[in-house]
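According to my numbering, the sequence shown holds residues 919 to 1244 in order. Backbone N, C-alpha and C define an ideal beta-carbon position, used for all residues, glycine too.
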Amino acid sequence: PPRVTLQLGKGLREPVIEEGRDLYFECVVRANPAASLVQWFHNGASLEPAANGTSGLLSTGRYLVVRHVRATQAGTYSCSAHNALATTESNSVLLTVQYIPRCQKIWSSTSSNGTETTVSCQVASVPEDVSFAWTVRDGSQGERVVDDADVWVNGSLSALTVSHASHGVVGDVTLYCRARNLLGLQRSPCVMAVDTRQKPGVLRDCSVSNQSDDRLLVSCSHADPHPGDRFLLEVQTAAKLSFSVTRETPSFWIPSLEPGVESLLLLYVVNDRGGRGEPLKLTVHTDPYTAPLASADKRPSSALGTSALLGLVMASLSAMLLAPTR
């Protein structure tokens, strides 16, 4: 059977090359009778190099030429030869393609109290040893380089925390994250815009009562008011929005609720830019006969008065201050 050995072409001692350069492999075959077919493989899959090299791969007999090698062409290469006796596969050569860092992903998370945002960026790089540089651009201070002491780095991941208070009413700031390895600086940075304005707060101490047979009153307090704040109430029944109202004060009249159903009340603080804080959630269970606006033909003959109705509605109310949704 054939004896087959794969080796790097001349000029490349180690199977490590920079992206964009050319290289070739040589499939050395010793066979008697002579081998009639040489086949090439990349990561175990058969390669079909174009005869004219338009794909970046060119096969000429026992040579495989890779032109302007790309990072995706890293991996294991092997070849096989066939004669009348058998088909033999060569040893494998692991090719490493080095390239300057490139942005893989960038994302952000805001603290629960809305006072700061952490932006994280991750890069792909070979070699993996990288350093990071961050710059910040805003409307008032222009562009500035962030001190290394303020940057968190763990391998190919870096993060920067931006304090909203430090930017006052600047609004949007744009963060640029760049990495560098021994080949050079990342060409296109990871970019993210962050709104550093404070988010609206959260309502608290909400209560629900019925002041008449056909209306409920929802009243809340707001511990951290800001000029321009408004207050939004949404009522969801069967997971659908059934009522919505905005007020200047955190007090709302609900004109009607379906009898015998459970409704979810979502209460928000809304700022003058339309931004919403985290919702406070209340769940209201209405009695089939004593719910506000229950039709007359559904009420029993011994319909209850307003004060009794208040007691029943309050007894069926489940008001829960839930942890703000993240």
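Buried or exposed by the 16-neighbour rule on C-beta atoms within 10 Å, applied to residue i
i: Thr1204; result: buried
i: Thr1035; result: buried
i: Val1063; result: exposed
i: Leu924; result: buried
i: Gln906; result: Here the chain covers residues 919 to 1244 and nothing more, so residue 906 does not appear.
i: Ser1181; result: buried
i: Gly1119; result: buried
i: Ala1077; result: buried
i: Ala1212; result: In this prediction, Ala1212 has a pLDDT of 34, which is less than 50 and means its spatial position is unreliable; nothing more can be read from the coordinates.
i: Val946; result: exposed
i: Leu955; result: exposed
i: Thr1114; result: buried
i: Ala953; result: buried
i: Pro1143; result: exposed
i: Ala1156; result: exposed
i: Ala1214; result: Here Ala1214 scores only 30 on pLDDT, less than 50, and its place in the model is too uncertain to base an answer on.
i: Arg1096; result: buried
i: Val1071; result: exposed
i: Trp958; result: buried
i: Glu1196; result: buried
i: Ser1038; result: buried
i: Trp1052; result: buried
i: Pro920; result: buried
i: Ser1145; result: The sequence shown places Pro at residue 1145, rather than the Ser named in the question. Pro1145 comes out exposed.
i: Pro951; result: exposed
i: Ser977; result: buried
i: Ala1141; result: exposed
i: Ala1111; result: exposed
i: Asn961; result: exposed
i: Ala992; result: buried
i: Leu1151; result: buried
As assigned by DSSP and simplified to three states, the class of residue i
i: Ala1097; result: strand
i: Ala1067; result: helix
i: Thr1204; result: coil
i: Ser1049; result: strand
i: His960; result: strand
i: Ser1074; result: coil
i: Asp1123; result: strand
i: Asn1128; result: strand
i: Ala1042; result: strand
i: Ser1027; result: strand
i: Ala949; result: coil
i: Ser1010; result: coil
i: Ser1106; result: coil
i: Thr1167; result: coil
i: Glu1034; result: strand
i: Leu941; result: strand
i: Leu1222; result: Residue placement at Leu1222 is flagged as unreliable, the pLDDT there being 33, under the threshold of 50; the coordinate-derived value follows with that caveat. The answer is coil: DSSP assigns Leu1222 none of H, G, I, E or B.
i: Ala1212; result: In this predicted model, Ala1212 has a pLDDT of only 34, less than 50, meaning its place in the structure is not dependable; the value taken from the coordinates is given anyway. Coil at Ala1212, not helix or strand.
Beta-bridge pairing of residue i - partner residues as DSSP gives them
i: Leu930; result: Answer is none; Leu930 lacks a bridge partner.
i: His1000; result: Leu955, Thr1005
i: Asp1056; result: Gly1060
i: Lys1199; result: Leu1184
i: Ile935; result: Val1015
i: Asp1113; result: Asp1090
i: Thr923; result: Val946
i: Ser1081; result: Glu1034
Residue-level contact to chain B via CB, residue i, 8 Å cutoff
i: Thr1053; result: Absent here is chain B; the protein component of the structure consists of one chain.
Near the ligand HEM: residue i beta-carbon under 7 Å from a heavy atom
i: Thr1006; result: Among the components modelled here there is no ligand, and therefore nothing to report on the ligand HEM.
* Asked: Enumerated in chain order, which unbroken segments of the alpha helix (DSSP H) with a length of 4 residues or greater are wholly contained in the segment 973-998?
  -> none
* Asked: With a cut-off of 8 Å, do at least 3 Cβ pairs link the segment 924-936 to the segment 1006-1013?
  -> yes
* To do: Run through the segment 1134-1165 for me and flag every whole beta strand (DSSP E) of 3 or more residues, listed as ranges in chain order.
  => 1148-1155, 1158-1165
* Please confirm if the segment 1013-1026 is in contact with the segment 1095-1104, defined as three or more CB-CB distances below 8 Å between the two stretches. => yes
* Asked: Are the segment 1170-1178 and the segment 1186-1196 touching by the rule of at least three beta carbon pairs closer than 8 Å?
  -> no
* At least 3 beta-carbon pairs within less than 8 Å: the segment 993-1009 vs the segment 1036-1045 -> no
* To do: Could you say if the segment 979-987 and the segment 932-943 meet the contact criterion of at least three C-beta pairs nearer than 8 Å?
  => yes
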